[in-house]
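J.: The following block contains the structure, expressed as structure tokens.
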Amino acid sequence: MNKQNDVTWLSRFHGVIGRPRGKRRMDELTNAPDARAQVQALNVQDLYYLIAEVGLADAGDLVALASSEQMQGFWDLDVWNRDALAIEQVAPWLAALCEQEPEELARVWQELDPELTALVLAKWTVVHEIVDHELPEDIAPPYFETPDGMFVVEITCASAEQAKLVAHTLDALYRADSAVARHSLRQAASEGLSYLEETSLRFRNNRMAELGYADYYEALEVYRPIDLATLSTQESRAVAAPPSGTLPPVVADSVLKKWFLGQVLDRVVRRDQAERVEADLLVLVNQVLAADRVPPADGEAVRRCATRAAATLSLGL
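Residue numbers for the sequence shown follow our numbering, beginning at 9 and rising by one.
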């Protein structure tokens, strides 16, 4: 038997389909001796879809082990509706962070885009600076007086549950790192909503482009007919695949199980080639999602797009 290190006799793609799913996979990760390292080694989308499969309310252990970069990725994928922050979708992620110790919340909060955290506060509050130790006139409850006596934060959320979440967040931030809390409040008070949203969106779109979620008009190029006679290797690699491109189950089931494409991929046995093909497939599906304006959080729509991409590739093969 050939035991060269660059050969995988059991297809990598069989492994993707056969690996544990949902709560079983979460339990395997969180109970591992090196749980934090294993979780943080996952591709952002792989971990995001695992959390979605389990349910965010039941995936607190995974969220607690995720890196700040992964958390930023979750928000990039889940809390935007085209060009606008979907503030209602922020609440579950913020609630998951608030279940952790205040120091952990402050650490993650500090490493998120500061414009994004300020935007979240600006959407949910009005920040008043306290002058001469007196509260502003006509301020209505609920509000949060900062322990340093510098601000009173009028909470303007639509629901009492969200108001409690905002108050809890501010209290935890002040207890863990008052400097971080003050910076976010000052930025929320001084920067306009339009500036915060546009800047946050620009940073988010740059990161999404690295995953294959190109600008809408650029993504439409995925549907452009290709003249194979003029196609170059450089052009085919124009979009760099992420360094870790494991296909999430929601994509893998659609791409690998039904089509001729799956049979072809079973014959890719070199490990380096298989890893590159898997990463390329993920980028391709993400381009289709961007072109069809499908949000990653819409699991059923993601399946439909992945199925169509796999069927088209199968026809080409």
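Backbone N, C-alpha and C define an ideal beta-carbon position, used for all residues, glycine too.
Values in this document were obtained by computation on a predicted structure and should not be read as measured data.
Just grab the DSSP bridge partners of Y151 for me.
T.: The sequence position of residue 151 within the sequence shown is 143, counting from 1. For Y151, which the question treats as bridged, DSSP gives the partners E162.
J.: Tell me which same chain residues have a C-beta within less than 7 Å of the C-beta of E174, skipping the five on either side of it?
T.: To locate residue 174, count along the sequence shown from 1; it is residue 166. Per the sequence presented here, residue 174 reads as Val, with Glu not at that position. Result list for V174: W132, T133, I163 and C165, in chain order.
J.: CB A184 to CB A114, shorter than 9 Å?
T.: Within the sequence shown, residue 184 is the residue found at index 176, counting from 1. Within the sequence shown, residue 114 is the residue found at index 106, counting from 1. Taking 9 Å as the Cβ cut-off, A184 and A114 qualify as a contacting pair.
J.: With H, G and I counted as helix, E and B as strand and the rest as coil, what does DSSP make of A92?
T.: Within the sequence shown, the letter at position 84 stands for residue 92. Looking at A92 - three-state DSSP - the assignment turns out to be strand.
J.: State the beta-bridge partners of E142 as determined by DSSP.
T.: For the purposes of this step, residue 142 is taken as the residue at position 134 of the sequence shown. According to DSSP, which records beta bridges pairwise, E142 is partnered with V139.
J.: Apart from the five residues just before and just after Q97, which ones in its own chain have a Cβ nearer than 7 Å to its Cβ?
T.: Position 89 of the sequence shown, counting from 1, holds the residue named residue 97. Excluding positions up to five away in sequence, the list reads D86 and V87.
J.: Taking V138 as the reference, give the member of R190, A103 and A92 with the closest Cα.
T.: Here residue 138 refers to the residue found at position 130 when the sequence shown is read from its first residue. A quick correction: the sequence has Ile, not Val, at residue 138. Among R190, A103 and A92, the Cα nearest to that of I138 is on R190.
J.: Between the alpha carbons of T125 and N213, how many angstroms are there, rounded?
T.: Taking the first residue of the sequence shown as 1, we reach residue 125 at position 117. Taking the first residue of the sequence shown as 1, we reach residue 213 at position 205. For T125 and N213, the distance between alpha carbons rounds to 16 Å.
J.: Pairs of beta-carbons, one from the stretch 254-266 and one from the stretch 299-318, closer than 8 Å: are there three or more?
T.: Result yes; three or more Cβ-Cβ pairs closer than 8 Å.
J.: In the DSSP assignment, find the alpha helix (DSSP H) that holds Y56 and state where it starts and stops.
T.: As a working mapping, residue 56 is identified with position 48 in the sequence shown. Residues V52 to V62.
J.: Which residue wins for smallest C-alpha separation from Y182, given the options Y231, E109 and Q46?
T.: To locate residue 182, count along the sequence shown from 1; it is residue 174. Here the closest residue by C-alpha is E109.
J.: Relative to the C-alpha of A180, which residue among E286, P150, L120 and L105 is closest?
T.: By 1-based counting over the sequence shown, the position of residue 180 is 172. Among E286, P150, L120 and L105, the Cα nearest to that of A180 is on L105.
J.: Can you list, in chain order, the residues of its chain with a C-beta nearer than 6 Å to that of P155? Leave out the 5 residues immediately preceding and following it.
T.: The residue you call residue 155 lines up with position 147 of the sequence shown. Within the same chain, P155 has close Cβ partners Y182.
J.: Can you tell me which residues form a DSSP beta bridge with T133?
T.: Translated into the one-based positions of the sequence shown, residue 133 becomes position 125. DSSP output for T133 lists I163 as bridge partner(s).
J.: Using the three-state DSSP reduction, which class does A249 fall into: helix, strand or coil?
T.: Counted from its first residue, the sequence shown places residue 249 at position 241. Low per-residue confidence applies at A249: pLDDT is 48, beneath 50, and the placement is therefore not dependable enough to give any value.
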